[in-house]
Amino acid sequence: MDFQICDLAPSDLGAAVRLLESLRSVPDSAPMEIAQFISDVNGGAVAVVALANGVLVGLASARVAGDRAWTQLVAISSEWRQRGIGSALARGLEDRLLHAGVRKISALLGPGEVGEKALLNRGFTATHGMVLYEKFLSLEPGDVRLIDKWGGQLLDGDLWDRAAGMEREKALIDQRIVAPLAHPALAAQMGLRPPTTALMFGPPGTGKTTFAKATAGRLGWPFVELLPSKLSSGEGTLANELREAFLELGRLDHVVIFIDEFDEIAPARESRPASAGVVNELLKSIPDLRRRPGKLLICATNFVEAIDRAVLRPGRFDLLIGIGPPDLAALTMLWTQALSSMTQATGIDPSVLAKLCPGFTPGDVDLAAQRAAAEAFARAQSATQPARVTSADLTAAIGRTRPSITPQMLDAFNAEVSMFERV
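For the sequence shown, the residue numbers in numbering that gives the first Met the number 0 are 0 to 422.
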């Protein structure tokens, strides 16, 4: 992304006016009168801007009345059309309006005007004639405050597409978690109970957190991560805080609760007797959460064998899913994705690079790609040739990057899949 979305600052007002002035003669823009825009901003309208290298290239604003908001305009510089700015502005505006207590957003546009595609991309629905675009936000103001209290967030569905490769894991999660929760009536006809709890296990860096977030984005549910490091360190207090979190978040219509480093919270009681209080609380809280529809608890661990066996039994966790390192196909996809941002790197076969990367995680691929890009950047600064990322740069960077997953770790993971995976 070559731009960022920010709140309209007082210092941006002049640039915003200049943008609106420049669009007066553009047929499909039809922005509001500049005087009306200034009046709305001074009257408390919510406004966000798109900045590219510090230059204002997009603008969106909305007037708020109670739990209703009207999008007044979406203005985008002619040179920056068709780059996703409209959807990003709409997303940023929605986030601000949601926290202002808005439940319904409307926008009135003529057919083909700037902003139409962005609104459709964000899930607005059209009425007739002068197409009225509306979208009901899924959360009550009280729900937003509760999510904010626990550090939650609303994530976009496009996170799913960013999980390059990993087709086995994506298929499992899509078929066994997302689809039944997204289509509960059809699942009920088949006698399938939508899952409420899932544990993802595997080596570090394989994307467990990414998959949890992508699942929430795909469902359109709020995502709340309960970090062990941020919960109280005392065993008794930790049990109380977990109980409070499950009780409060259980009041939401829908929510994905995520706990990473689950082995730190629920270790085998025989190995850490002091953890018995927390484990016992989980044994009570998880079944209670499972009785509430619209809730999904996802836990992740690098050390599934360290977790108390009673917690892992059927009836507590519906699914145990192994998330392994990227295979050759996934590595090829990761390199395809990395090369797409290197505009001058042409004629490089990502499958050849993938074969040089056994044991690489997505983070390892990104590190190697950045090392190669840094080498090319240094050449470009010194005006030596070639001023682009070459195959030699990439091969050298891969050679300098130590794989996160050793053969021994992969063998151990495959053994854990045979012993623990339940899908």
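Cβ atoms here follow ideal geometry from the backbone N, Cα and C, with glycine treated the same way.
Taking the continuous beta strand (DSSP E) assigned at residue i, which residues delimit it?
i, result
"D6", "Q3 to D6"
"Q343", "Segment: none, Q343 is in no beta strand (DSSP E) and carries neither H nor E."
"I297", "K294 to T300"
"A106", "K103 to L107"
"L318", "L318 to G321"
Going by DSSP, which residues form a beta bridge with residue i?
i, result
"K283", "Partner(s): none; K283 has no beta bridge."
"L50", "Q3 and L55"
"Q152", "F222"
"R95", "DSSP output for R95 lists no bridge partner at all."
"A74", "L58"
"A430", "One cannot answer for residue 430 here, as it falls past the ends of the chain, which runs 0 to 422."
"V45", "A61"
Is DSSP giving residue i helix, strand or coil here?
i, result
"I84", "helix"
"E269", "coil"
"I33", "helix"
"A162", "coil"
"V254", "strand"
"G233", "Its pLDDT being 49, under 50, G233 is placed unreliably in this model, and the coordinates cannot settle the point."
"W79", "helix"
"W69", "strand"
"F135", "strand"
"I306", "strand"
"T426", "What the structure shows of the chain is the stretch from 0 to 422, and residue 426 is not part of that stretch, so it cannot be assessed."
"S60", "strand"
"D173", "helix"
"A14", "helix"
"V422", "coil"
"P203", "coil"
"V40", "helix"
"R290", "coil"
"E247", "helix"
"S403", "coil"
"R315", "coil"
"G100", "coil"
"P324", "coil"
Sort the options by Cα distance to residue i and report the nearest one.
i, options, result
"D155", "F210, K103 and G206", "F210"
"F474", "F302, K294, V255 and G151", "Any question about residue 474 goes unanswered here, given that the chain covers just 0 to 422."
"G42", "R62, I33, R192 and E32", "R62"
"S350", "A329, D142 and A367", "A329"
"Q3", "I84, T70 and L296", "I84"
"L12", "I37, N239, E166 and D173", "I37"
"D39", "G57, V16, S24 and L50", "V16"
"M189", "P179, L198 and T195", "P179"
"A184", "A395, T400, G293 and F316", "G293"
"R289", "T196, L158, A51 and V45", "T196"
"C356", "G141, Q343 and T331", "T331"
"Q369", "R161, A34, W334 and L108", "W334"
"E133", "F412, K103 and D157", "K103"
"S137", "V101, Q81 and L118", "V101"
"A68", "V254, L97, A51 and E78", "L97"
"V56", "R80, A34, Q35 and I33", "R80"
"E123", "E139, H253 and S105", "Residue identity check: residue 123 is Phe in the sequence provided, not Glu. The candidate whose alpha carbon is nearest that of F123 is S105."
The alpha helix (DSSP H) with residue i in it runs from where to where?
i, result
"M199", "It is not in any alpha helix (DSSP H) - M199 instead sits in the beta strand (DSSP E) that spans T196 to F200."
"E263", "F261 to I264"
"V364", "P361 to Q380"
"I146", "P140 to K148"
"L180", "A178 to A181"
"T394", "S390 to R399"
"A358", "The amino acid at residue 358 is misidentified as Ala; the sequence shows Gly. Careful: G358 lies outside any alpha helix (DSSP H) and carries neither H nor E."
"P406", "P406 to F419"
"A386", "No alpha helix (DSSP H) contains A386, which DSSP labels as neither H nor E."
"L191", "Neither: L191 is in no alpha helix (DSSP H) and is coded neither H nor E."
"L22", "Taken as a continuous stretch (DSSP letters only), L22 belongs to no alpha helix (DSSP H), as it is neither H nor E."
"E115", "E115 to N120"
Taking Cβ positions, are residue i and residue j nearer each other than 8 Å?
i, j, result
"M341", "V388", "yes"
"I322", "V422", "no"
"L22", "A64", "no"
"L7", "V47", "yes"
"L397", "A367", "A small correction: the amino acid at residue 397 is Ile; Leu does not occupy that position in the sequence shown. Cβ atoms of I397 and A367: closer than 8 Å."
"F419", "F200", "yes"
"I176", "L72", "no"
"A241", "S270", "Looking at the sequence shown, residue 241 is not Ala but Leu. Result no, Cβ atoms of L241 and S270 do not sit closer than 8 Å."
"D392", "E415", "no"
"T208", "I172", "no"
"A344", "E280", "no"
"F257", "E224", "yes"
"S76", "L18", "yes"
"D307", "A265", "yes"
"A259", "A299", "Position check: residue 259 holds Asp in this sequence, whereas Ala was assumed. Yes; because the gap between Cβ atoms is below 8 Å, this pair is in contact."
Say the cut is 7 Å; is the CB of residue i nearer than that to a heavy atom of the ligand MG?
i, result
"A49", "Among the components of this structure there are no ligands whatsoever, and the ligand MG is therefore not found."
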